[in-house]
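Below: one structure, written as C-alpha cells.
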Amino acid sequence: MGKYSNLGMYLGNQNETRVQLNFSQIDEILEFPLPPAARNHPAWWTNDKDRTHAMDGWLGQGWKAKVDLEMQQVSFINPENILHAKARTGPIRSTTTDAHDFQNQVLDVMSGFYSKELVTDQFPGIPTSIAMVSHDKEIVGYAQYITMDNDKTLPTTKFSIIAEHVWLLEKAAALHKFLVFGNDRRVPEEWLKKYGHLVYDVKFFFYSPEDDRLERFIFE
390 MGKYSNLGMY LGNQNETRVQ LNFSQIDEIL EFPLPPAARN HPAWWTNDKD RTHAMDGWLG
450 QGWKAKVDLE MQQVSFINPE NILHAKARTG PIRSTTTDAH DFQNQVLDVM SGFYSKELVT
510 DQFPGIPTSI AMVSHDKEIV GYAQYITMDN DKTLPTTKFS IIAEHVWLLE KAAALHKFLV
570 FGNDRRVPEE WLKKYGHLVY DVKFFFYSPE DDRLERFIFE
C-alpha cells in the first residue's frame, strides 16, 4: 500500500459521484498532514497517472481531483461511481439481527479494512474488556450496537458507554484504534456533536450490513 492509500480506500467506499473534502479532513483520513506543495500548488493535484500519490490517493479508484486553494478544499469526481458501486463492493453480507451478529460482522469487515486478521481478545492495559484485536496488537477497537430512545434522545447512560470505550482506546498503546457503530447512525452523530472535539486518535465508523457499507465519520 502506498503512502496515500488511506484516501483511496476512503473514496472507494463512497457511493456518490462527487465527494468534497477540505484539507483538514484529508489530513484526518491520511493520518498525516498534506505536504506544503498540496496546500500551495494546484499542480500537486494534477490527475496524472505517472504521479504515485495521485494513483494511490484517487485515480486508482476512478476519481479525478479538482482543487480550490482559496477555499482549501478538493472536489473528487467520479461520474461512473454509482453505476459500478455494487460491483465494486462485492457480495452483500447477511442482515444483522442482534448485537452479537453485528460484532461478528464488524470483526470480518474491519479485518478486511485493515488487511489484518482481527480476533476477540483482551488488549494489554485493558484487562477487563474484550475488544477486537490484531495478533500484533497494532489494531484495537470495539463494535457498538446502540439505538436512540423512542423519544429520539440518547440517554446519559448510553453516552457514558461510548465515552468509556473512547477512554479505554485512548489509553491503549496501538497504532490504530476504532469504534464501529451499527443500528442507528444518529447515535455516533449526536455523540460527536457534543464530544467529538475531545477525541484524539480514535476513528469512528458506521457499518450498514444491509448494503455492506462502511462509512468513516470525519470530524474536526
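For the sequence shown, the working numbering begins at 390 and goes up steadily by one. The beta carbon of each residue, even a glycine, is placed where N, CA and C say it ideally should be.
Exposed unless 16 or more other CB atoms sit within 10 angstroms - verdict on residue i
i: residue 417; result: buried
i: residue 467; result: buried
i: residue 452; result: buried
i: residue 502; result: buried
i: residue 558; result: buried
Check: residue i C-beta below 8 angstroms from any heavy atom of the ligand MN
i: residue 457; result: The ligand MN is not part of this structure, which contains no ligands at all.
Anticipated Cβ contact below 8 angstroms, residue i with residue j, distance rounded
i: residue 489; j: residue 506; result: At roughly 20 angstroms, the Cβ-Cβ gap does not stay under 8 angstroms, so residue 489 and residue 506 are not in contact.
i: residue 603; j: residue 498; result: 6 angstroms
i: residue 591; j: residue 566; result: 5 angstroms
i: residue 439; j: residue 391; result: That pair is no contact at about 14 angstroms.
i: residue 606; j: residue 581; result: 6 angstroms
i: residue 514; j: residue 562; result: 7 angstroms
i: residue 496; j: residue 527; result: Not confirmed; about 16 angstroms, so no contact.
Check whether residue i and residue j have beta carbons under 9 angstroms apart
i: residue 461; j: residue 395; result: no
i: residue 569; j: residue 596; result: yes
i: residue 509; j: residue 492; result: yes
i: residue 572; j: residue 535; result: yes
Bridge partner(s) assigned by DSSP for residue i
i: residue 519; result: 511
i: residue 571; result: 534
i: residue 456; result: 463
i: residue 592; result: 567
i: residue 605; result: 594
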